[in-house]
Amino acid sequence: MNDNPCIQLRRDFPIFEVSVDDQPLCYLDSAATTQKPNQVIQAVKDFYQSQNANVHRGLHTLSEQATTAYEAVRGKLAQFLNVQSREIVWTSGATASLNLIAHGLSDSLKKDDVILLSPLEHHANIVPWQLAVQRTGARIELLPVDAQGILQLEQAKALIENLKPKVLSICHASNALGNINDVAALIASSKSSGTVTVVDGAQSFLHLRPDLQQLDCDFYVFSAHKALGPTGLGGLYGRYELLNALPVYQSGGEMIDTVSFSGTTFRPAPEKFEPGTPNIAGVIGFGAALDYITAQDHETLFQYEQSLYQSLLQQLGEIDGIRIWGDTANNVGTVSFSYKSEHHYDLATLLNTHGIAVRSGHHCTQPLMAHLGIEGTIRASLAFYNNQQDISRFIAALKDTISLLEE
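Taking my numbering, the leading residue of the sequence shown gets 36, the next gets one more, and so forth.
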């Protein structure tokens with residue numbers, strides 16, 4: 036590979052030929068969704084052009100071909116995560132996966148049982164548990180996070196030992212700040228209590244490529260669109276005995292064994308959690324994304340992303356009035372910052388006129404922003420298809436924006 040992997044790989048992403056307001060696109064919003072390589076776009080197009088049929092329903096050749104291709108991706112994902120194919124459930128995304136888990140585990144929760152979360156969580160890893168609390172009388176407790184937004188690991192392990200939670204659900208990496216949490220240590224601390232452990236891997240799947248046998252969690256969720264894949268698709272891993280014990284969440288065709296007006300029986304996991312026609316093209320496209328990811332050397336790309344991240348941190352740190360939030364020592368490549376008392380919305384709006392795509396706001400983490408004592412931040416999030424020119428353009432545009440706001 037050349038000097039930097041993005042020199043070659045960036046060319047696989049046609050979005051970078053696009054202009055925004057007559058400016059070349061500078062995309063720094065990969066935590067919201069990643070861009071898609073040609074290989075993924077072509078795989079979806081090819082499916083609709085030459086293989087489009089429903090899966091698990093037909094004896095005709097096209098249906099059998101579609102089913103084989105669809106199930107092959109389940110196997111590919113299982114291999115990627117180092118789990119069994121039967122432990123993988125397709126969903127519409129990490130949000131749907133977390134709702135399925137929280138709803139399913141509600142049957143085993145009772146009054147005053149502890150559900151342990153952290154202030155770092157996306158709303159999708161908070162609200163489903165609040166609904167579980169309403170149904171069961173369980174209560175939510177929070178892991179300790181400091182004023183910078185960094186999980187306090189030793190205190191967290193002590194809290195787990197003391198509370199003996201029924202459920203621990205935590206992000207592997209913060210979507211708002213990019214912090215990498217030592218979830219393996221938290222999971223290990225919870226084993227003696229029989230805690231069910233849930234990991235939100237939406238921000239870690241692409242950057243960290245987790246081995247779930249090493250992580251040793253009970254459930255893990257992610258969204259394909261944050262890992263080069265199509266939108267509207269996600270995955271749920273569940274340790275099989277726990278996954279299969281969860282009750283049916285939604286019902287319909289293909290997840291049933293027998294149906295009569297006297298009753299219905301359901302198929303085992305994963306089928307019982309996949310009613311109706313699935314996002315077949317999305318799965319096929321995600322298969323191409325997995326092929327693309329695994330074809331690259333993980334350590335090379337991760338170190339490249341980290342070099343960009345350190346460059347961005349250094350240059351932001353040279354601007355007076357910038358406050359960077361989160362754990363900059365352990366991060367997937369997301370910089371979340373504020374500037375003096377300027378509103379994040381104004382900064383992002385003006386940056387957009389330079390072709391700079393960043394996110395502003397609370398990033399679906401209102402409790403975290405309240406903990407930090409702010410309304411929101413500007414978030415610049417990196418991926419391996421970024422380059423130093425993106426960093427330079429962003430810094431130059433930010434300086435121009437600050438000058439304009441201070442006139």
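Where is the CB? At the ideal position from N, CA and C, for every residue including glycine.
Here the alpha carbons of histidine 158 and glycine 236 stand approximately 14 angstroms from one another. DSSP places serine 395 inside the beta strand (DSSP E), whose first and last residues are 394-396. Counting only the Cα atoms, serine 373 lies some 12 angstroms from histidine 397. By the Cβ criterion, the region 122-130 is in contact with the region 296-315, since at least three pairs of Cβ atoms, one from each stretch, lie closer than 8 angstroms.
Following the DSSP letters along the chain, one finds tyrosine 275 inside the alpha helix (DSSP H) bounded by residues 275-280. In the three-state scheme derived from DSSP, where H, G and I count as helix and E and B as strand, asparagine 134 is classed as helix.
With contacts defined by Cβ atoms closer than 8 angstroms, asparagine 210 and leucine 186 do not form a contacting pair. Secondary structure of serine 153 (DSSP, three-state): coil. Annotated three-state conformation of asparagine 87 is coil, per DSSP. Only buried fits histidine 379, as 16 or more other CB atoms lie within 10 angstroms of its CB. Across the set Ser143, Gln238 and Gln165, the C-alpha of Gln238 shows the shortest separation from the C-alpha of asparagine 366. For threonine 299, the enclosing beta strand (DSSP E) stretches over residues 298-301.
Each of Leu439, Leu385, Gln345 and Arg358 was checked against the Cα of glycine 368, and the nearest Cα belongs to Gln345. Contact between the region 253-266 and the region 126-137 is present, with at least three C-beta pairs closer than 8 angstroms. The closest CA to that of alanine 405, considering only Ala137, Phe115, Leu155 and His91, is found on Leu155. In this chain, the beta strand (DSSP E) harbouring isoleucine 205 covers 202-206. Counting every other CB atom within 10 Å of its CB across the protein chains shown gives glutamine 169 a total below 16, marking it as exposed. A straight line joining the alpha-carbon of valine 218 with that of glutamine 74 spans about 33 angstroms. The distance from the Cβ of leucine 247 to that of valine 118 is about 5 angstroms, consistent with a contact at the 8 angstroms cut-off.
Fully contained in the region 276-361 are the following alpha helix (DSSP H) runs of length 4 or more, in chain order: 315-329 and 333-352. DSSP links aspartate 235 through a beta bridge to Cys206 and Val256.
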